[in-house]
Structures are given as C-alpha cells and as structure tokens.
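In my numbering, the protein residues as written are 16 to 216.
Contents: one structure, followed by commentary.
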Amino acid sequence: MSEHTSTSTELTSQYTAQVTTDLEHNLKEQERIHQEIAALQEQLTTLQHDHAVLVSMHQALGLTVPTVEAAPAPAPAAPAKKAKSRRAPQPKKGTTAKASASATTKAETKSAEPTLVSLIRDHLAAQSEPRSTAEIADTMGQTHPDRGIKATVVRTTLEGLVAKGLVQRVKQGSSVYYTASDAAQPAEEQASTDAQTDTAS
16 MSEHTSTSTE LTSQYTAQVT TDLEHNLKEQ ERIHQEIAAL QEQLTTLQHD
66 HAVLVSMHQA LGLTVPTVEA APAPAPAAPA KKAKSRRAPQ PKKGTTAKAS
116 ASATTKAETK SAEPTLVSLI RDHLAAQSEP RSTAEIADTM GQTHPDRGIK
166 ATVVRTTLEG LVAKGLVQRV KQGSSVYYTA SDAAQPAEEQ ASTDAQTDTA
216 S
C-alpha cells in the first residue's frame, strides 16, 4: 500500500515538474514572439514614415507621384494574386485595372493640389522678414495638415529654390533663414512679358 502511494506521489511530482517546465517554456516562447512582433512593427512604422517623407519630397520637387505610389501597392496583394492565378488567370487583369484606376484617381487628386514649391514660394513672398525652416514647416503643417509635410522636406525644397534663385538664404549667427528673392518677382514678370510678346508676334 505504501509502495503504491509513493509511486503515485512520484508520478504526480514528475507531472508537476513537466507541466511547470512546459509552462515556463510556453511563456518564454510567447515573450520571444511578442518581441519579434514589436521589432517588426517598429520596422514597419519606420518604413511607413520613410515612405511618407519620400512622397512629400516627390511633391516638393514637382514630380508626378502616381508611379511611386503604384509600386508598393502590389506587395500586400502578391499572395492573393498567386492564389488567383492558379485557379483562373482572368481576375488578375481585373485587379490590375482596379489598381491603375485607383492610381489615376490619386493622380488627379494630387495634380489638383498646389506643389510644396509653390506653397513655400507664396508663403515667403507674403512675409516681411526671413523665416527659419522650422517656422516654415510649422506654417505648412498648420495650413495643410493632410499633406504631412516634414521639416526635412521643407529644407530640401528651400535649398532647391535657393539654387534656382527664387529664394535667398540668410545666415544670422549659427541660424539659417530664408526669404523670397528680389529677383524672383522680376523674373516672373519678364516671363509674362515674353509670353505676351510671343502671342503678339
């Protein structure tokens, strides 16, 4: 009787130890996977942020955005396309047509909006004194919150305008400020005069 009891107790302790070990292992695995998910989520957030910055830079440079936006779109849909192509290749064309129609709609919406270049130029032309990159970025962010304009993109745009002679860079100590170039207005007037002359001739 005592042998049976001791055997039963021994089995119980073995099961308890095994379950405890398995439980600890399970918790460690959960923690590891949670960490992997967090790391992947962080990478995704960084990529999304970089994408937004790059799109803004495209707009700032006055380039058309649809070709850039259309590229990432097929990536999430890739597994679905593979599955469909095995059963019937026809729906793939429909998906492509929908994607291109969506890209066209986005393109029309984007083209209706003024470029960041023209927004910054108009803003500086309306100012009586030089503005810093941060001040300009804040103003752009407040007046156009839906565009997600970043200070880095504003700085790149400003430097591009400086290179074209449309904006002047002013240094005050270690700070850099920007103001509308005096040459910008006459240049625009000259272009208008030239256009009228061409029309007249």
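Quick reminder that beta carbons are idealized off the backbone N, C-alpha and C, glycines included.
Please report the distance separating the alpha-carbon of serine 189 from that of arginine 47. Rounded to the nearest angstrom, the two C-alpha atoms are 47 Å apart.
Check glutamine 63 in the structure and name its three-state DSSP category. It is helical.
In the DSSP assignment, the beta strand (DSSP E) including histidine 195 goes from what residue to what residue? A small correction: the amino acid at residue 195 is alanine; histidine does not occupy that position in the sequence shown. Looking at the DSSP string, the run of the beta strand (DSSP E) that includes alanine 195 is 190-195.
Going straight from the alpha carbon of alanine 178 to that of leucine 131, what length do you get? Each residue's alpha carbon lies about 16 Å from the other.
Can you say whether histidine 73 is buried or exposed, counting buried as having 16 or more other CB atoms within 10 angstroms of its CB? So histidine 73 ends up on the buried side.
Just how far apart, CA to CA, sit arginine 184 and threonine 60? Each residue's Cα considered, the two are about 34 Å apart.
Exposure of threonine 36, with buried meaning 16 or more beta-carbon neighbours within 10 Å: Exposed, by the Cβ-count rule.
How should serine 196 be labelled, buried or exposed, when 16 other C-beta atoms within 10 angstroms of its C-beta is the threshold for buried? Result: buried.
Are alanine 193 and proline 145 close, meaning C-beta to C-beta below 8 Å? The question names alanine, but residue 193 in the sequence shown is tyrosine. Yes; because the gap between Cβ atoms is below 8 Å, this pair is in contact.
Measure the alpha-carbon distance for valine 83 versus methionine 155 and round it to whole angstroms. Only weak support exists for where valine 83 lies, its pLDDT of 42 falling under 50; the value from the coordinates is given anyway. If you take the alpha carbons of valine 83 and methionine 155, they lie about 23 Å apart.
Local conformation of serine 23 per DSSP, three classes: Three-state DSSP puts serine 23 in a helix.
Taking only three categories from DSSP, how would you classify serine 147? Shown here, serine 147 sits in a strand according to DSSP, grouped into three states.
To the nearest angstrom, how far is it from the Cα of threonine 20 to the Cα of threonine 27? Linking threonine 20 to threonine 27 through their CA atoms gives a straight-line distance of about 10 Å.
Within the continuous beta strand (DSSP E) that includes arginine 184, where are the two ends? For arginine 184, the uninterrupted beta strand (DSSP E) segment begins and ends at 182-187.
Assuming isoleucine 164 is part of the alpha helix (DSSP H), what are its boundary residues? Per DSSP, isoleucine 164 lies in no alpha helix (DSSP H) segment and is marked neither H nor E.
Just to confirm the assignment, what range does the alpha helix (DSSP H) spanning alanine 140 have? Element bounds for alanine 140: 131-140.
Enumerate in chain order the residues of its own chain whose CB-to-CB distance from alanine 67 is below 8 Å, with the five nearest sequence positions on each side excluded. Residues of the same chain with a CB within less than 8 Å of the CB of alanine 67, apart from the 5 flanking positions on each side, are Gly163, Lys165 in chain order.
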